[in-house]
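What follows is a set of notes on a single structure, which appears directly below.
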Amino acid sequence: MSKLEKVLYGNRLKPFLFLVGLILMLPFVVKSSYIFTILILIGIYSIVTLGLCLLIGYAGQISLGHAAFFGIGAYTSGVLTTSFQLSPWLALVIGMVTTFFIAYLIGIPILKLKGHFLALATLGINIIFYILILGLNQLTGGAAGLIGIPSLSLFGLPLTDKLFFYFFVWTAALLVLLLSLNIVRSHVGRVLRSIHDSEIATETLGVKVENYKVAIFALSAAFASLAGSMYAHYITFVAPPTFYITKSILFLIMVMVGGAGSVWGAILGTTVIMFLNEIIRFVGHTYFGISGEVEIVVYGLIIILIMMFLPKGLMHVISKPIQKLKQKKKVKIKSHKDMISQKGV
Amino acid sequence: MSKLLEVRGLTKQFGGVTAVSEISFDVGAGEIVAVIGPNGAGKTTLFNMISCFLSPTNGEAYFKGNKLTGQKIPQLAHLGIARTFQNLQIFHNLTVLENVMMGAHVKLKTNVVNAAFRLPRILKDERIAYDLALDAIHLVGLEELMFEQAGQLSYGLQKQLEFARAIVYKPDFIMLDEPMAGLNDYETNRMAGYIKKLKSEGISFLFVEHKMATVMELADRIIVLDFGKKIAEGTPDEIQQNAKVIAAYLGEEVV
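Okay, structure coming up:
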């Protein structure tokens, strides 16, 4: 059986171990606290983009509103721990569950929309959320934001230490990656890709397409909420601009640049965009004396170039030569009796 | 012969146009019924009403005594009805094997939760899907292309793939919308062969087709539509002699 999976979807252990190795090794190499912060943020944003990749790349449903779900997580954690003195862990779980149900309820009507209409509807959700956190200033602190959010601590070990938090975030990201890989490499993964290709044919085969779309939407929202809670506890301060549609678009660009067709692409895209972001800011500031959000201009250019020349994203560029190398091996396994004798083992 | 599908007075009006008017017929178990008629006769509309893609203005269809009209599309597969499309609907970005494995959906219990945590059920399901898919792939002889992307296949092979995907879960009743359209003679003969083979296993078919030779060869009974009305029903021999049918296809003599 495992052989069938490998033939269909390739190896997953090797890239996974490679990523784990990389994560364990980086703290020894990277000494700069500044870069460490970026690595932590990459971990946090990867959790969002992994979920988004399932939704966009696999199920083919666009969302321009995931910053709202990211924000629901962050604000649930923030409000519950500051105003109600709840345990940050409990707040994190409450945030995820709440976001899941909110997204599920929103998903039922809006996922009936397709393409541009769905994009606009999700954009609307993001704007509604933004207005709500600005307006409900009794709870959220309005435009001034919410300060004094406590840090997380694990078994009495304060995660204020960057190294601990780094490992904590990446453990969570790896777990989310594992869940996503399990989904993608199963019948559900095929169902999602089928929905992407032809909804009508998928329905004819007996799949309740609505349920799958809504479930994946809610799941990706719950992932975003988890990331949001971590973000709130890491930065210990949240303010509305972090959760505006520009952030949603940023998440989308991360997924697109990495390659929406692969969950690995989500992590790659997040990493590339985060470092690019810093480079643009640094170059813009020191050489051109520009302050403010210049990166937005460059993002626009990047997304146009990626869509024109690399519509399948960076991951495709990396994985293609590897697959070509393996092609010769594959032909041997392809012999039919070989596969049948292996199945069910 | 027991009745599998019963169609009772199906009517569809689009605005002021009556596309299908008061059509009734039955399909028995193990029977092949063809629907023919000139272009625009309402064949596909009739088809879409039976398979719940369109809701009829009037009338109902029953399958094994269950009312079909008003059901949701996914429910049909669970009842044992499969269908293909006139304008091919295959999953271009999936491999041939994955396409066919999708057809096993109604036999599987995989959902998002047990897939995410990789519970034992998943492995069992993958095996069921693979076994069933392999049978269907063997039938249509696509073994060599199992790992190719479906979108890269030729049109004829894609038609065979769609057929294979429809039969994976061993439905009792298969609806084919122009299964031979765009196929060459060799491919048409192969497709007819598959249909005959499945008929011998007790599966019933309802199909729309323009290639008369194939229709006459395959069908047990033929229903002829013209301008939305049923003008004739009978065995291939009866239909070939029917004056109304000849008039519909060749035009009437104006005297």
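Keeping their order, the protein sequence lines are chains A and B.
Start counting the first sequence at 1; every next residue gets the next number (the working numbering).
Start counting the second sequence at 346; every next residue gets the next number (the working numbering).
Heads up, the beta-carbon is just placed ideally off N, CA and C, and yes, glycines get one too.
Starting from the N-terminal side, write out each stretch of the alpha helix (DSSP H) that is 4 residues or longer and does not extend beyond the stretch 437 to 487 of chain B. As far as the stretch 437 to 487 of chain B is concerned, its whole alpha helix (DSSP H) runs of at least 4 residues are 441 to 447, 457 to 461 and 465 to 485.
From which residue to which residue does the alpha helix (DSSP H) around M274 of chain A run? Residue range V263 to F288 is occupied by the alpha helix (DSSP H) that includes M274 of chain A.
Taking CB distances under 8 Å as the criterion, tell me whether S335 of chain A reaches chain B. Low per-residue confidence applies at S335 of chain A: pLDDT is 49, beneath 50, and the placement is therefore not dependable enough to give any value.
Endpoints, the alpha helix (DSSP H) within which G300 of chain A is located: Taken as a continuous stretch (DSSP letters only), the alpha helix (DSSP H) holding G300 of chain A covers E295 to F309.
If you pair each beta-carbon of the stretch 403 to 420 of chain B with each one of the stretch 532 to 543 of chain B, do three or more pairs fall below 8 Å? Counting Cβ pairs under 8 Å, fewer than three are found: no touch.
V553 of chain B lies in the beta strand (DSSP E); which residues open and close that run? S549 to V553 is the span of the beta strand (DSSP E), which, as asked, contains V553 of chain B.
Just to confirm the assignment: which complete alpha helix (DSSP H) runs, minimum length 4, are found wholly within the stretch 36 to 86 of chain A? As far as the stretch 36 to 86 of chain A is concerned, its whole alpha helix (DSSP H) runs of at least 4 residues are 66 to 82.
Starting from R510 of chain B, trace the alpha helix (DSSP H) both ways and give me its first and last residue. For R510 of chain B, the enclosing alpha helix (DSSP H) stretches over residues Y500 to I512.
Contact with chain E by A558 of chain B, beta-carbon distance below 8 Å: Absent from the structure is chain E; the protein chains it does hold are A and B.
Grab the span of the alpha helix (DSSP H) containing E405 of chain B for me, first residue to last. Here E405 of chain B belongs to no alpha helix (DSSP H); instead the beta strand (DSSP E) covers N403 to F408.
Output yes if chain B places a C-beta closer than 8 Å to the C-beta of H316 of chain A; else output no. Taking 8 Å as the CB threshold, H316 of chain A stays off the interface with chain B.
Does the CB of R12 of chain A have a neighbour CB from chain B at under 8 Å? Nearest CB-CB separation between R12 of chain A and chain B: not below the 8 Å threshold.
Measure the C-alpha to C-alpha separation of F101 of chain A and G71 of chain A and round it to an integer number of angstroms. F101 of chain A and G71 of chain A: Cα-Cα distance of roughly 15 Å.
Relative to the alpha-carbon of E578 of chain B, which residue among B:T356, B:K348, B:K357 and B:V372 has its alpha-carbon at the smallest distance? Ranking the options by Cα distance to E578 of chain B, first place goes to B:V372.
I need the boundaries of the alpha helix (DSSP H) containing S194 of chain A, first residue and last residue. Counting along the chain, S194 of chain A sits inside the alpha helix (DSSP H) bounded by residues H187 to D197.
Assign G271 of chain A to one of two classes, buried (16 or more other C-beta atoms within 10 Å of its C-beta) or exposed (fewer than that). Before going on, a small fix: residue 271 of chain A reads as Thr here, not Gly. T271 of chain A comes out buried.
Leaving aside the five residues before and after T160 of chain A along the sequence, list all residues of the same chain whose C-beta is less than 6 Å from its C-beta, in chain order. S151, listed in sequence order.
Does the CB of V207 of chain A have a neighbour CB from chain B at under 8 Å? Chain B contact via Cβ: present.
Considering only their Cβ atoms, is the gap separating L226 of chain A from A172 of chain A smaller than 8 Å? Contact: yes.
Have a look at Y234 of chain A and N277 of chain A and give me their C-alpha separation to the nearest angstrom. Computed Cα separation, rounded: 20 Å.
May I ask you to list, following chain order, the residues of the stretch 188 to 218 of chain A that have a beta carbon less than 8 Å from some beta carbon of chain B? Cβ contacts with chain B: V188, G189, R190, V191, R193, S194, H196, D197, S198, I200, A201, T202, E203, T204, L205, G206, V207, K208, V209, Y212, A215 and I216.
Return the first residue and the last residue of the beta strand (DSSP E) that I540 of chain B is part of. From DSSP, I540 of chain B is part of no beta strand (DSSP E) but of the alpha helix (DSSP H) over D530 to S545.
Under 8 Å, Cβ to Cβ, is there at least one residue of chain B near I183 of chain A? At a cut-off of 8 Å, the C-beta of I183 of chain A has a neighbouring C-beta in chain B.
Do A68 of chain A and the ligand FAD come close, with the Cβ less than 7 Å from some heavy atom? Among the components modelled here there is no ligand, and therefore nothing to report on the ligand FAD.
Measure the C-alpha to C-alpha separation of K589 of chain B and I576 of chain B and round it to an integer number of angstroms. If you take the alpha carbons of K589 of chain B and I576 of chain B, they lie about 7 Å apart.
Could you check if H66 of chain A is buried or exposed, using at least 16 other CB atoms within 10 Å of its CB as the buried criterion? Buried: at least 16 other Cβ atoms inside 10 Å.
So with CB distances below 8 Å, who are the chain B contacts of S319 of chain A? By Cβ distance, chain B contributes nothing, its closest Cβ being about 15 Å from S319 of chain A, past 8 Å.
Could you give the first and the last residue of the continuous beta strand (DSSP E) run that contains V352 of chain B? If you look at V352 of chain B, you'll find it in the beta strand (DSSP E) that goes K348 to F359.
Taking CB distances under 8 Å as the criterion, tell me whether L477 of chain B reaches chain A. With 8 Å as the cut-off, L477 of chain B does not count as an interface residue toward chain A.
Could you check the C-alpha separation between S186 of chain A and K452 of chain B for me, to the nearest Å? Going by the C-alpha atoms only, they are around 15 Å apart.
Give the secondary structure of L146 of chain A by DSSP, where H, G and I count as helix, E and B as strand, and everything else as coil. Of the three classes helix, strand and coil, the one that applies to L146 of chain A here is strand, per DSSP.
Counting only beta-carbon separations shorter than 8 Å, does L177 of chain A have a partner in chain B? Judged by the 8 Å Cβ criterion, L177 of chain A is not in contact with chain B.
Between the CA atoms of F436 of chain B and I115 of chain A - distance to the nearest angstrom: Rather than Ile, the amino acid found at residue 115 of chain A in this sequence is Gly. Spanning the two alpha carbons is a distance of roughly 18 Å.
Residue(s) in a DSSP beta bridge with V255 of chain A: Residue pairing of V255 of chain A in beta bridges, as defined by DSSP: absent, with no partner found.
Same chain, Cβ closer than 8 Å to D480 of chain B, five either side skipped, listed in chain order: Taken in chain order, the residues that qualify are V513.
Cβ closer than 8 Å: which chain A residues qualify as neighbours of E471 of chain B? Chain A residues near E471 of chain B: M1, L4, E5, S186 and H187.
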